[in-house]
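Numbering (this note's numbering), first residue to last: 479 to 1063.
C-beta: ideal position from N, C-alpha, C; glycine also.
The structure presented is a predicted model; accordingly, all values stated were derived computationally and were not measured.
Presented below is the structure to which this report refers.
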Amino acid sequence: MKKQLETFISQSLATLQTQNILAADLNPSVHIERTRDVAHGDFATNIALILAKSAKTNPRQLAEQIIAALPVNEAILKVEIAGAGFINFFMNPNAQYQVIADIQAAGEKFGLSQIGAGKKVQVEFVSANPTGPLHVGHGRGAAYGSVVGNLLIATGFDVHREYYVNDAGRQMDILATSVWLRYLEASGETFIFPSNAYRGEYVRDIAQKLIDQHSKKFARSSEIVFANLPLDEPEGGDKEIYIDALISRAKELLNADYRVVFDTGLNDILGDIKDDLAEFGTTYNQWFSERSLMDDGSIDKALAVLKSNNYLYEKDGAIWFKSSELGDEKDRVVIRDNGQPTYFASDIAYHWNKLERGFDVLIDIWGADHHGYIPRVKAALIALGADATKLNVLLVQFASLWRGEEKVSMSTRSGEFVTLRELRDEVGKDAARFFYVMRRSEQHMDFDLELAKSKSNENPVFYVQYAHARVCSVFRTHGEKGFTQDITLGMANLAELNAEHETVLLTTLARYPEVIERAATQYEPHLLINYLRELATDFHTYYNAHQFLVENDTLRNARLNLITSVRQVLANGLTLLGISAPEAM
RNA sequence: GCGCUUGUAGCUCAACUGGAUAGAGCACCGACCUUCUAAGUCGGGGGUCGCAGGUUCGAGUCCUGCCAAGCGCACCA
């Protein structure tokens, strides 16, 4: 209906253009809004206010001309000019029932659209280093990314979800070394564990698996392992230099076996991450390996192009990229003085690879702490001669965990962080997903564990799910009372749904496709959450105000068709969020 | 110091991207269960949209300057 009005207005404007009332080269974007106040009708547009200046007339006069040129349509009851020049549309009340037929016909497809027109979109999200289990910070990115993906699919985009696996690089070497040291400890060696190594309990578990599978194959005496190393930080040294020296020592002593230790750690943790995300309802089309970019020469190739485009230079033994010439704060190292490419070098190759795969839009979902990284990636794409405007980086702020009034402290340093798995175990998948996407992603959010668990009206998850369960419950009672639903009879008598609560509900239902479209194109899943809360409220209010299972056959069946539509839309929305729509609670 | 993000009711957050009288939920006060699930509903009070300017028919929304919070400013990822 909204779309239809937009078309009508556009037609009217085109007419005015042929009459030279409006300039022919004008290409206005018509924007129709739902009104906030019933006195303003059902829909309104400010188009006359926007165009008045260029038409060299006053808004109200232009509004009159627009209305005069409007096509006649029986769905429009009347059109008024209000305020400074708003055009208000009052729709024919009979038109409001159409939505029930639409929902019934489309079913679970109601709300889907084709505005994406099959455009290829890649959504990359989470992509946490496989150096440990996912924590609650990753959870927000996982929930947000998967819902954004669902919304884009729902609006006709061709979506490819991807997790970039950082299976190369220094952090992974630190993990591999940490695993090996725990392995040595478990084999009976004693030494002081490095301050910069991974200390989590899971590292010991992986070490134990190594022992189970390979016995003492990788054991070396601690005298040999720690001979002639620089000092660790607690002893007055540098923890980074110390751990790097240990990594070199591990590679030296283990030779080819280093890769076995490394891969055991990688595969164990990555497997855990995959299981974790799958249980959280977050799935991927592809797990993209950083190492593969090194192995197939993609990094060398990207750097060669940068070099031939004159964006690389050497300084202090390292190779630098002139990102400062393309909007970044300073130049960035791509090859360290030790000859190793930086993480940034692989990321250049990775983003280039994404574009070469033919995606029309790239969406990267990052933690907000990585925001400073955006200019250099865009700079790299420009320097490669690629289209950097295709890259869209969405930032997700951290969530603070609360237990009622008490803030849950989290410190990565001590290894005492709350994992996503712990969160899921405590509050469940549905509540976790709902809470994560309840707020705009750039908004810092407080996540109250007590609230997420509570089975009360304070908890918005239960509130929405309860609305769905309630409709199902009505139908159970309906059967118990010996009624048989007659959908056709209900459809023929929808006009009996003339109570104010019913009108409100019909309007809310009709808004659903608009909400999906907006939530998708703006990448704002919280709009869908807000909508579902409103729909649930409208339904609960209706439920309390009217009895559905009345004796009157026509009215009863009309009402049943209405609440069936409510159930359908609630289920559709919850499905997009990856949240269950329970039939009973 | 520079950059990014944020600042709206006591608290947590919305506000259709520049529109009409800024809205919800908690919390607080007061009503509603012999009824299709009270995990629900109804009513009430509560606001200098961080502050100050500017842009225009019109600003919570845009521009400038301050103030405050978070994050970032590696040859880590």
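1) Using alpha carbons as the reference points, say which of Leu869, Ala553, Lys481 lies closest to Phe591.
2) Quick check: the Cα distance between Ile719 and Ala1014, rounded to an integer number of angstroms?
3) Would you decide whether Arg856 is buried or exposed? Buried here means 16 or more other CB atoms lie within 10 Å of its CB.
4) What does DSSP give as the partner residue(s) for Ala877 in the beta ladder?
5) Within the continuous alpha helix (DSSP H) that includes Asp618, where are the two ends?
6) With a cut-off of 8 angstroms on the beta carbons, I'd call Glu667 and Ser700 a contact; round off their distance for me.
7) Once you ignore the five residues that flank Arg1037 on each side, which residues in its own chain have a CB closer than 6 angstroms to its CB?
8) Who are Ser665's beta bridge partners in DSSP?
9) Consult DSSP for Gly893 and reduce its assignment to one of helix, strand or coil.
10) Quick one: is Met650 buried, meaning 16 or more other Cβ sit within 10 Å of its Cβ, or exposed?
11) On a Cα-Cα basis, can you pick out the residue from Gly519, Ala646, Glu974 that is closest to Arg737?
12) Can you tell me whether DSSP reads Gln686 as helix, strand or coil?
13) Assess contact between the region 786-799 and the region 856-874, defined as three or more Cβ pairs (one per stretch) separated by less than 8 angstroms. Is contact present?
14) Please classify Asp924: is it buried, with 16 or more other beta-carbons within 10 angstroms of its beta-carbon, or exposed?
15) Got a sec, what are the start and stop residues for the beta strand (DSSP E) Phe568 sits in?
16) Judging by CA-CA distance, which residue of Arg648, Leu1005, Thr609 is the nearest neighbour of Thr742?
17) Here's a check: name, in chain order, each residue in its chain whose Cβ is nearer than 8 angstroms to the Cβ of Val739, leaving out the five neighbours to either side.
18) Quick check on DSSP: helix, strand or coil for Pro853?
19) Does DSSP put Pro672 in a helix, a strand or coil?
20) Out of curiosity, what's the CA-to-CA distance linking Gln963 and Asn1035?
21) Specify whether the region 1040-1050 and the region 941-956 touch according to this definition: at least 3 beta carbon pairs, one from each stretch, less than 8 angstroms apart.
22) Between Gln495, Ala579, Ile487, which lies nearest to Val508 when the distance is taken from Cα to Cα?
23) Closest to Thr986 by C-alpha separation, out of Asn1008, Leu972, Glu974, Ala973, would be which residue?
Taking the structure as given:
1) Here residue 591 is taken as the residue at index 113 of the first sequence, counted from 1. As written in the sequence, residue 591 is Ser, which differs from the Phe given in the question. The shortest CA-to-CA distance from Ser591 to any of Leu869, Ala553, Lys481 is the one to Lys481.
2) If you number the first sequence from 1, residue 719 lands on position 241. If you number the first sequence from 1, residue 1014 lands on position 536. Rounded to the nearest angstrom, the two C-alpha atoms are 58 angstroms apart.
3) Within the first sequence, the letter at position 378 stands for residue 856. It should be noted that the sequence gives Lys, not Arg, for residue 856. Classification for Lys856: buried.
4) Looking up residue 877 in the first sequence gives position 399. Met923.
5) What you label residue 618 is simply residue 140 of the first sequence in a count that begins at 1. Per the sequence presented here, residue 618 reads as Arg, with Asp not at that position. Residues 614-632.
6) Here residue 667 refers to the residue found at position 189 when the first sequence is read from its first residue. Here residue 700 refers to the residue found at position 222 when the first sequence is read from its first residue. Yes, Glu667 and Ser700 are in contact; Cβ-Cβ is about 4 angstroms, under 8 angstroms.
7) What you label residue 1037 is simply residue 559 of the first sequence in a count that begins at 1. Cβ neighbours of Arg1037 beyond the five flanking positions: Phe1026.
8) Start at 1 with the first residue of the first sequence, and residue 665 comes out as number 187. DSSP, once it has assigned bridges, lists no residue as partnering Ser665.
9) If you number the first sequence from 1, residue 893 lands on position 415. Because the pLDDT at Gly893 is just 46, under 50, the model does not fix this residue reliably, and the point stays unresolved.
10) Along the first sequence, read from residue 1 onward, the residue named residue 650 stands at position 172. Buried, by the Cβ-count rule.
11) Within the first sequence, numbered from 1, the residue matching residue 737 stands at position 259. Of the candidates Gly519, Ala646, Glu974, the one whose C-alpha sits nearest the C-alpha of Arg737 is Ala646.
12) The residue you call residue 686 lines up with position 208 of the first sequence. Helix.
13) yes
14) In the first sequence, residue 924 corresponds to position 446, counting from 1. Answer is exposed; the Cβ neighbour count stays below 16.
15) For this step, residue 568 is matched to residue 90 along the first sequence. Unbroken beta strand (DSSP E) run through Phe568: 564-569.
16) Indexing the first sequence from 1 puts residue 742 at position 264. Here the closest residue by C-alpha is Thr609.
17) Numbered from 1 along the first sequence, position 261 holds the residue referred to as residue 739. So the qualifying residues of the chain are Ala654, Val657, Trp658, Tyr661, Leu688, Phe696, Ala728, Leu732.
18) As a working note, residue 853 is residue 375 in the first sequence. In this structure, Pro853 counts as helix in the three-state DSSP scheme.
19) Position 194 of the first sequence, counted from the start, is the residue given in the question as residue 672. Reduced to three states, the DSSP call for Pro672 is coil.
20) Reading the first sequence from its first residue, position 485 is the one you call residue 963. Reading the first sequence from its first residue, position 557 is the one you call residue 1035. Computed Cα separation, rounded: 6 angstroms.
21) yes
22) As a working note, residue 508 is residue 30 in the first sequence. When each option's Cα is compared against that of Val508, the closest is Ile487.
23) The sequence position of residue 986 within the first sequence is 508, counting from 1. Checked all of Asn1008, Leu972, Glu974, Ala973; the closest Cα to Thr986 is Asn1008.
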